[in-house]
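Peer 1: Take the sequence shown: its position 193, counted from the start at 1, is 193 in UniProt numbering, and no numbers get skipped.
In this text, a Cβ means the ideal position worked out from N, Cα and C, and glycines have one as well.
Let me give you the structure first, and then I'll get to my questions.
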Amino acid sequence: MINLLKEVARGKRGARDLSMEESLQAAEWIMTRKATPAQIGAFFIAERIKMESVEELEAFVTVLRKHAERAPVRKGIDCAGPYDGRKKSFMATFPTAFVLAAAGLPVTLHSAPSLPPKWGTTLLDLLLEMGIDAQRMQKDALIRVAEATGVLFVPAEMWCPPLKELRSIREELGMRTVLNSAEKLVNYSGSPYIVYGVYHNTVFERMSKLIQNLQYEKALIVQGPEGSEDMFIDRATRTYIVDGGEPRLHVVNPDEYGLETPLPEKENGWTAADQLRVTEEVLRGEAHMAFTNQVMLCGAVRLHLAGRVGSVEEGVYTCKSLLDSGAALDIFRTWCGAMLGKEQLI
């Protein structure tokens, strides 16, 4: 490990990217804790300064997948948002998951307790607010819920133990590491489609190459609110489509679909209770139009990515119908009941 550290930590001019073989070795030593905490911390900081190469990122994803529990359920879409959570924006991906499931597209959501650098509200916090402690659930129980409802929730640190073991080091560092990118690509359900959030547009090309190497059938990289996979509803969103050939920039403009809506002002940050309340309002048809429109746009783009509709416009109409009819709400209620152990699944 010391020899590898010498290569990535020689300073701005002397540091070099590791080869794939070297990267795999470093990732394995870190994930199995054969490297010391000091060495792990030094490696993470050196990589942050140097900036991780595609090969280094791929190696960490490969080793995380090796040490993770994975369970192919049904062909669906992986919604990969930031594990450091959200502070200033609505987590539209959560209600969107039930709209997609109502449309027949299985969804995988995954999360962990909040992490640096943002320390925001996570999907796991929403479940805890609902009285669901997914971290105490057996894997088989989560899979049964997914098979019945189309929505799989994965507590990442339970299904991928190295992430839990490295938490204390990440918390002490207090900043982004290579794991902030890699942990979202474990692909717990073997999904052929992924929608992946990034914070800066400078990483579009690098992440596009990485996702191509990981052989997803189709992917959408989104520069959404707070680095999330959600679309903005009050302005256009920059995305990259990765579909076999050359990745291409695609700007999603809500105004093209008659959905652009100013967001209501919110003085304080978004708590888990706020997120859950608005989620339920959207699914019941009682939310501010901005949040309903955001869910419809996110759902439409994801349905189109997975080939379930012929256009984003068709996807908008599909999502609106599923919200208006109560189909998405029914899936949500069934899912909640099953996750709480109150509803018998056949």
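To the nearest angstrom, how far is it from the Cα of Cys160 to the Cα of Ala287?
Peer 2: 36 angstroms
Peer 1: Taking the alpha-carbon positions, what's the Ile2 to Thr271 distance?
Peer 2: Here the alpha carbons of Thr271 and Ile2 stand approximately 42 angstroms from one another.
Peer 1: Mapping DSSP to helix, strand and coil, what is Gly197?
Peer 2: strand
Peer 1: For Phe98 versus Ala328, is the C-beta distance shorter than 8 angstroms?
Peer 2: yes
Peer 1: Quick one: grab the DSSP three-state call for Tyr188.
Peer 2: coil
Peer 1: How big is the Cα-Cα spacing for Glu7 and Ala148?
Peer 2: 50 angstroms
Peer 1: Just to check my reading of the structure: Ser114 and Gly85 have Cβ atoms closer than 8 angstroms, yes? What is that Cβ distance to the nearest angstrom?
Peer 2: 5 angstroms
Peer 1: With a CB to CB cut of under 6 angstroms and the five nearest residues on each side skipped, what residues in its chain are close to Ala300?
Peer 2: Val312, Gly315, Val316, Cys319
Peer 1: Taking the beta strand (DSSP E) that Asp140 belongs to, which residues open and close that run?
Peer 2: No beta strand (DSSP E) contains Asp140, which is instead part of the alpha helix (DSSP H) from 139-149.
Peer 1: May I have the straight-line CA-CA distance separating Ile346 from Arg144, to the nearest angstrom?
Peer 2: Residue placement at Ile346 is flagged as unreliable, the pLDDT there being 41, under the threshold of 50; the coordinate-derived value follows with that caveat. Each residue's Cα considered, the two are about 9 angstroms apart.
Peer 1: Quick check for students: name the residue ranges of the alpha helix (DSSP H) that lie wholly in the stretch 285-309, counting only runs of 4 or more.
Peer 2: 289-305
Peer 1: Step through the CB atoms of chain C and report whether any lies within less than 8 angstroms of the CB of Leu185.
Peer 2: In summary, chain C is missing from the structure at hand, where a single protein chain is found.
Peer 1: Going by other Cβ atoms of all chains shown within 10 Å of its Cβ, with 16 needed for buried, is Thr96 buried or exposed?
Peer 2: buried
Peer 1: Tell me where the alpha helix (DSSP H) around Leu18 begins and ends.
Peer 2: Element bounds for Leu18: n/a, residue is neither H nor E.
Peer 1: Spell out the partners DSSP gives Asp78 in its beta bridges.
Peer 2: Thr108, Ile194
Peer 1: Under DSSP, the alpha helix (DSSP H) around Lys66 begins and ends at which residues?
Peer 2: Where Lys66 is concerned, the enclosing alpha helix (DSSP H) stretches over 54-66.
Peer 1: Let me check understanding here. Comparing Cα to Cα, which of Arg136, Leu126, Gly41, Glu55 lies closest to Gly341?
Peer 2: Arg136
Peer 1: Looking only at its chain, what residues have a beta carbon closer than 6 angstroms to the beta carbon of Thr279, apart from the 5 residues adjacent to it on each side?
Peer 2: Phe94, Pro95
Peer 1: Please tell me whether Ile331 and Gly150 are closer than 8 angstroms, where the distance is taken between their beta carbons.
Peer 2: yes
Peer 1: Measuring alpha carbon to alpha carbon, tell me which residue in Ser23, Lys34, Ala42 is nearest Glu172.
Peer 2: Ala42
Peer 1: Can you name the residues that DSSP bridges to Lys218?
Peer 2: Tyr193
Peer 1: Taking 8 angstroms as the cut-off, decide whether the C-beta atoms of Thr239 and Ile221 are in contact.
Peer 2: yes
Peer 1: What number of angstroms, rounded off, separates the C-alpha of Lys164 from the C-alpha of Asp274?
Peer 2: 27 angstroms
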